Amino acid sequence: MTDRIRDFLRLRRPEGPCLVIDLDVVRENYNAFAKALPDSRVFYAVKANPDPAVLRLLADLGSSFDCASVAEIDMALAAGATPDRISFGNTIKKERDVAAAFARGVRMFAIDCVEEADKIARAAPGARVFCRILCDCVGAEWPLSRKFGCSPEMAVEVLEHAHRSGLEAYGVSFHVGSQQPNPNAWDVALQAAGGVFRTLSERGIQLRMVNLGGGFPAKYLREMPAVQTYGRAIFTALRKHFGNRIPETIIEPGRGMVGDAGMIKAEVVLISKKSAEDTQRWVYLDIGKFGGLAETMDEAIRYPIRTRHDGDRTEPCVIAGPTCDSADVLYEKTPYELPISLAIGDEVLIEGTGAYTQTYSAVAFNGFEPLKAYAI
Ligand SMILES: *Cc1c(COP(=O)(O)O)cnc(C)c1O
Numbered sequence: 005m006t007d008r009i010r011d012f013l014r015l016r017r018p019e020g021p022c023l024v025i026d027l028d029v030v031r032e033n034y035n036a037f038a039k040a041l042p043d044s045r046v047f048y049a050v051k052a053n054p055d056p057a058v059l060r061l062l063a064d065l066g067s068s069f070d071c072a073s074v075a076e077i078d079m080a081l082a083a084g085a086t087p088d089r090i091s092f093g094n095t096i097k098k099e100r101d102v103a104a105a106f107a108r109g110v111r112m113f114a115i116d117c118v119e120e121a122d123k124i125a126r127a128a129p130g131a132r133v134f135c136r137i138l139c140d141c142v143g144a145e146w147p148l149s150r151k152f153g154c155s156p157e158m159a160v161e162v163l164e165h166a167h168r169s170g171l172e173a174y175g176v177s178f179h180v181g182s183q184q185p186n187p188n189a190w191d192v193a194l195q196a197a198g199g200v201f202r203t204l205s206e207r208g209i210q211l212r213m214v215n216l217g218g219g220f221p222a223k224y225l226r227e228m229p230a231v232q233t234y235g236r237a238i239f240t241a242l243r244k245h246f247g248n249r250i251p252e253t254i255i256e257p258g259r260g261m262v263g264d265a266g267m268i269k270a271e272v273v274l275i276s277k278k279s280a281e282d283t284q285r286w287v288y289l290d291i292g293k294f295g296g297l298a299e300t301m302d303e304a305i306r307y308p309i310r311t312r313h314d315g316d317r318t319e320p321c322v323i324a325g326p327t328c329d330s331a332d333v334l335y336e337k338t339p340y341e342l343p344i345s346l347a348i349g350d351e352v353l354i355e356g357t358g359a360y361t362q363t364y365s366a367v368a369f370n371g372f373e374p375l376k377a378y379a380i
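Written out as structure tokens, the structure is:
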């Protein structure tokens, strides 16, 4: 929690749960990425937090943008990014959206199959494409599964097909899984990427770019390595798998850029037990899975929660949201230690909530308003 967020909450006293983003932290994070990976272009993953103030700041700092839809492309353009600083990084696109992006000047697209390459060849002739390869995401706290990417062997065929279709076969991308605590996770993926580069080179196609994806962590309860450690591990892996022919690289940080820049203010609505013998208290907040904390699904992301009673004796609690859906429980399998003195009506501060929160909040489930956000 930063002094600026503390002062904002004290002076403004916003009613109801809200997210406060400290833009100074976003700036520091951008500069840390630029310093840790000096040869990589930064394409901020817009979906992590598309707040106009965040996008404007990053555009001013020189960031490029990884967009997943035409709406996100328009947000990046409105923030001041030029089309050459925008990548349409979703592998699943309608052909008319590809055409709409192309009409706006976007020339870089993600693919992971020949069917998608055909759409790009028709709707964005001559554009640059990079092929996403599968990654096992081992160790990531929010893995991205098998939904995106193809095997490296298939990537070779997809990129050759793209080349023959008049597209520029530009490179390879992968994502090592979000909130990736292991800086060496990039090594395996870069080995596969290097193989794709070599095989295509033998076929007369010279790829130029590796998109290293996101995965850089925010700080939640566990300590995480610093971004410099990731930068060094990635550089070592690039040397190992590409020798002296290190390609252009781009990174697409989302969570690592904005996660620790935001904090949610919430309130305890109810504290109760299920029976006289129950050993655990149930703590119900005015925010839950449908109010922006969707990443507590399967208890994947554990946010630090601060209260004015921190330092008092604690006991394990179940934490739940305010809606009438029984799925709206945040932490139960692994209960959460909260101060025994915590009481109904107390304010709680949920840290590290700058990424993947506000846009995950439902419009009006059970009549609860979508999460309000303030960028300061
Ligand atoms: C979501 C996403 C990112 C951002 O991932 P983080 O782990 O939040 O950094 C980057 N690239 C692509 C293609 C994505 O879909």
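Add 4 to the 1-based position in the sequence shown for the numbering used here, that's all there is to it. Glycine is no exception: its CB is placed at the ideal position from the N, C-alpha and C atoms. Model, not experiment: these values are computed from the prediction.
Where residue i sits in the DSSP three-state scheme
{"i": "residue 439", "result": "This structure gives no information on residue 439, because the portion of the chain shown stretches from 5 to 380."}
{"i": "residue 314", "result": "strand"}
{"i": "residue 109", "result": "coil"}
{"i": "residue 35", "result": "helix"}
{"i": "residue 266", "result": "strand"}
{"i": "residue 274", "result": "strand"}
{"i": "residue 355", "result": "strand"}
{"i": "residue 372", "result": "coil"}
{"i": "residue 222", "result": "coil"}
{"i": "residue 233", "result": "helix"}
{"i": "residue 205", "result": "helix"}
{"i": "residue 47", "result": "strand"}
{"i": "residue 333", "result": "strand"}
{"i": "residue 92", "result": "strand"}
Check whether residue i and residue j have beta carbons under 7 Å apart
{"i": "residue 246", "j": "residue 198", "result": "yes"}
{"i": "residue 102", "j": "residue 124", "result": "yes"}
{"i": "residue 388", "j": "residue 271", "result": "Limits of the chain in this structure are 5 at one end and 380 at the other, which puts residue 388 out of reach."}
{"i": "residue 316", "j": "residue 345", "result": "yes"}
{"i": "residue 137", "j": "residue 105", "result": "no"}
{"i": "residue 108", "j": "residue 132", "result": "no"}
{"i": "residue 70", "j": "residue 355", "result": "no"}
{"i": "residue 266", "j": "residue 358", "result": "yes"}
{"i": "residue 194", "j": "residue 241", "result": "yes"}
{"i": "residue 85", "j": "residue 63", "result": "yes"}
{"i": "residue 52", "j": "residue 307", "result": "no"}
{"i": "residue 318", "j": "residue 343", "result": "yes"}
{"i": "residue 196", "j": "residue 156", "result": "yes"}
{"i": "residue 278", "j": "residue 22", "result": "no"}
Separation of residue j from residue i, as counted between CA atoms
{"i": "residue 273", "j": "residue 333", "result": "14 Å"}
{"i": "residue 330", "j": "residue 324", "result": "9 Å"}
{"i": "residue 214", "j": "residue 251", "result": "7 Å"}
{"i": "residue 67", "j": "residue 50", "result": "11 Å"}
{"i": "residue 305", "j": "residue 320", "result": "17 Å"}
{"i": "residue 226", "j": "residue 348", "result": "28 Å"}
{"i": "residue 17", "j": "residue 292", "result": "21 Å"}
{"i": "residue 5", "j": "residue 91", "result": "32 Å"}
{"i": "residue 75", "j": "residue 44", "result": "26 Å"}
{"i": "residue 34", "j": "residue 366", "result": "29 Å"}
{"i": "residue 185", "j": "residue 228", "result": "6 Å"}
{"i": "residue 47", "j": "residue 79", "result": "14 Å"}
{"i": "residue 82", "j": "residue 97", "result": "21 Å"}
{"i": "residue 303", "j": "residue 55", "result": "26 Å"}
{"i": "residue 375", "j": "residue 122", "result": "40 Å"}
{"i": "residue 190", "j": "residue 147", "result": "14 Å"}
{"i": "residue 314", "j": "residue 244", "result": "47 Å"}
{"i": "residue 89", "j": "residue 353", "result": "35 Å"}
{"i": "residue 289", "j": "residue 310", "result": "13 Å"}
{"i": "residue 223", "j": "residue 15", "result": "27 Å"}
{"i": "residue 77", "j": "residue 249", "result": "32 Å"}
Nonlocal neighbours in the same chain, by C-beta distance under 7 Å from residue i, ignoring five residues either side
{"i": "residue 134", "result": "114, 174, 175, 176, 177, 213 and 215"}
{"i": "residue 3", "result": "Any property of residue 3 remains undetermined from this structure, which presents the chain solely from 5 to 380."}
{"i": "residue 95", "result": "114, 115, 116, 120, 136 and 152"}
{"i": "residue 370", "result": "327 and 328"}
{"i": "residue 65", "result": "31 and 34"}
{"i": "residue 29", "result": "6, 264 and 265"}
Own chain partners of residue i with C-beta closer than 8 Å, once the 5 adjacent residues on each side are dropped
{"i": "residue 312", "result": "350 and 351"}
{"i": "residue 322", "result": "284, 285, 286, 287, 333, 335, 336, 339 and 340"}
{"i": "residue 380", "result": "8, 9, 12, 24, 25, 26 and 27"}
{"i": "residue 57", "result": "25, 27 and 379"}
{"i": "residue 170", "result": "125, 129 and 130"}
Cβ-based neighbour list, residue i, same chain, cut-off 6 Å, excluding 5 preceding and 5 following
{"i": "residue 237", "result": "187 and 188"}
*Are three or more beta carbon pairs between the region 285 to 296 and the region 246 to 265 nearer than 8 Å?*
In short, these stretches do not touch, since the Cβ pair count stays below three.
*Decide if the region 199 to 210 is in contact with the region 158 to 165; the criterion is three or more beta carbon pairs, one per stretch, under 8 Å apart.*
Cβ pair count under 8 Å is three or more, so yes.
*Flag this pair as touching only if the region 145 to 153 and the region 170 to 183 have three or more C-beta atom pairs under 8 Å; answer yes or no.*
With a cut-off of 8 Å, the region 170 to 183 and the region 145 to 153 count as touching, because enough Cβ pairs lie within range.
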